[in-house]
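A.B. asks:
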Amino acid sequence: MRVSSRVRAGGLRLLGLVVLACGVQPVFAQEPKQPPTPPAEKSDFEKLMSASGISAFPDRRPRAMPDLFLPPGNRRTSDPGIVRVYKKGKDGKALDPQPKDFPHKVDPTTYKPAEDEFVRMHEGIDLSSRDAKGEKRPLDFKAGVYGKVVGIGTDNNIGRITVEVDDRGNRVEYLHTSKTFVKVGDEVKPDTMLGVTGDVGAKGRLHLHVQARNKDNKAINPDEVVVYAKKPPAERKMAEFFVPMKPPQGVTPASADHSPTAPVPAPPPTSPPPP
Ligand SMILES: [Zn+2]
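So the sequence shown is numbered by our numbering: it starts at 1428 and just counts up by one.
#1: Between the Cα of residue 1568 and the Cα atoms of 1527, 1619 and 1591, which residue gives the shortest distance?
#2: Rounding to the nearest angstrom, what Cα-Cα distance links residue 1621 and residue 1588 in this structure?
#3: Can you grab the Cα-Cα spacing for the pair residue 1539 / residue 1530, in whole Å?
#4: Roughly how far, in whole angstroms, is the beta-carbon of residue 1647 from the beta-carbon of residue 1656, given that I think they are within contact range, below 8 Å?
#5: Take residue 1717 and list the residues in its own chain whose beta-carbon comes closer than 6 Å to its own, dropping the five residues that flank it on each side.
#6: Considering just the uninterrupted stretch of the beta strand (DSSP E) at residue 1639, what are its terminal residues?
#7: Write down the C-beta distance between residue 1507 and residue 1552 rounded to the nearest angstrom, noting that I regard them as a contact closer than 8 Å.
#8: Taking a contact to mean a Cβ-Cβ separation below 8 Å, would you say residue 1544 touches residue 1520 in this structure?
#9: Buried or exposed, going by whether 16 or more other CB atoms sit within 10 Å of the CB of residue 1650?
#10: So for residue 1483, helix, strand or coil by DSSP?
#11: Which residues share a DSSP beta bridge with residue 1503?
#12: Hey, quick one: how far does the alpha helix (DSSP H) through residue 1652 stretch, first residue to last?
#13: Is it right to say residue 1626 is buried, meaning 16 or more other beta carbons lie within 10 angstroms of its own, or is it exposed?
#14: Where does residue 1572 land, buried or exposed, given buried means 16+ other C-beta within 10 angstroms?
#15: List the DSSP bridge partners of residue 1589.
#16: Please report the straight-line C-alpha distance between residue 1602 and residue 1633, rounded to a whole angstrom.
#17: Could you check which residue in 1546, 1575 and 1527 has the C-alpha nearest to that of residue 1535?
#18: Residue 1604: which of 1664, 1669, 1580 and 1561 sits nearest, CA to CA?
#19: Given residue 1495, which residues of its chain have a CB within under 6 Å of its CB, disregarding the five upstream and five downstream residues?
#20: Nearest CA to the CA of residue 1550: which residue from 1609, 1600 and 1502?
#21: Return the chain-ordered list of same chain residues with a C-beta closer than 6 Å to the C-beta of residue 1512, the five sequence neighbours on each side being excluded.
#22: Taking 7 Å as the cut-off, is the CB of residue 1505 close to at least one heavy atom of ligand 1?
#23: In chain order, what residues place their C-beta within less than 5 Å of a heavy atom belonging to ligand 1?
#24: Can you name the residues that DSSP bridges to residue 1671?
#25: State the start and end residues of the unbroken beta strand (DSSP E) segment that holds residue 1548.
#26: Are residue 1613 and residue 1673 close, meaning C-beta to C-beta below 8 Å?
#27: Quick one: what's got a C-beta closer than 8 Å to residue 1498's C-beta in the same chain, skipping five residues either side?
#28: How many Å lie between residue 1503 and residue 1563 at the Cα?
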């Protein structure tokens, strides 16, 4: 076994050398290509998010691309696993609004925040909601997956559409939605228009948040779930079970909504709070 793995490694190295000698990048060394990002000016919200994000899982694969849900030109503004830093005021609560580009004192290795900070792990994919001209506005969005609508509502004052993607109770949830085109019980396909993006529960910050939950309401990686569930059930070959996302030690999983100042209501059993 040792010999064969050494032989294989040697073979790969040789292939790499051959490919490099030919002046071509070896295919296995390339990063997956991202769709080109529009040159639109970043919003304050986006600046804050990119400024405050420390990825707890920088090398996760695969990724669900924005085109699955939204018209071309939209992009991911936050990933699952990002640890966000919030600034606390003297009263111990997060400042609202949060200052822009404040220096973070949190230890990026241990995620231990300074006294005037706290950290939370984001559990969803955030997507911009921009039209073809790059203007922010509510947009119709697609399911991106095969499944069945099992919930529509505004629990915790957050617009939410829930799609169960398999018979094991794994679900994809679409948050901050302002309008719904489907009803509970509808079967959906990746191209089914589910609703309209909004800022319901996101304090005026229009975007689409896509998260995933298992049957026990535990957050699971939405990238893995979406890539699995965008295929018809008969063609799915990925892992049967998704492991709940585990925040780094000392980091609280995100709860409530994007606004850390909002009171966090106790989650009803069928509807967990979003990050
Ligand atoms: Zn989000």
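Every residue gets a Cβ at the ideal spot worked out from N, C-alpha and C, and that includes glycine.
Source: prediction; values computed, not measured.
C.D. replies: Result, derived from the coordinates:
#1: Nearest option by C-alpha distance: 1619.
#2: Looking at the two C-alpha atoms, the distance is approximately 8 Å.
#3: When rounded, the distance between both Cα atoms is 15 Å.
#4: In this structure residue 1647 is not in contact with residue 1656, their Cβ atoms being roughly 11 Å apart against a cut-off of 8 Å.
#5: This structure does not reach residue 1717, given that the chain is present from 1428 up to 1702, and the question cannot be answered.
#6: From DSSP, the beta strand (DSSP E) with residue 1639 extends over 1635-1640.
#7: Contact flag correct, Cβ pair sits at about 6 Å.
#8: Not in contact: residue 1544 and residue 1520 (Cβ atoms no closer than 8 Å).
#9: Residue 1650 is buried by the Cβ-count criterion.
#10: For residue 1483, the predicted model reports a pLDDT of 47, less than 50, meaning its position is unreliable and no value from the coordinates is stated.
#11: Residue 1503 pairs with 1554.
#12: It spans 1649-1656 - the alpha helix (DSSP H) in which residue 1652 sits, taken as one unbroken run.
#13: Its Cβ being crowded by 16 or more others within 10 Å, residue 1626 is buried.
#14: So residue 1572 ends up on the buried side.
#15: DSSP lists 1578 and 1600 as the beta-bridge partner residues of residue 1589.
#16: Going by C-alpha positions, residue 1602 is about 10 Å away from residue 1633.
#17: Here the closest residue by C-alpha is 1546.
#18: Taking residue 1604 as reference, the option from 1664, 1669, 1580 and 1561 with the minimal CA-CA separation is 1580.
#19: So the qualifying residues of the chain are 1571.
#20: It is 1600.
#21: 1479, 1531, 1533, 1544 and 1546, listed in sequence order.
#22: For residue 1505, the shortest separation between its Cβ and any heavy atom of ligand 1 lies below 7 Å.
#23: Cβ atoms closer than 5 Å to ligand 1 belong to 1551, 1553 and 1636.
#24: The bridge partners DSSP lists for residue 1671 are 1647.
#25: Residue 1548: member of the beta strand (DSSP E) spanning 1544-1548, first to last residue.
#26: No, the Cβ-Cβ distance between residue 1613 and residue 1673 is not below 8 Å.
#27: Excluding positions up to five away in sequence, the list reads 1558, 1559 and 1566.
#28: Roughly 14 Å between the two C-alpha positions.
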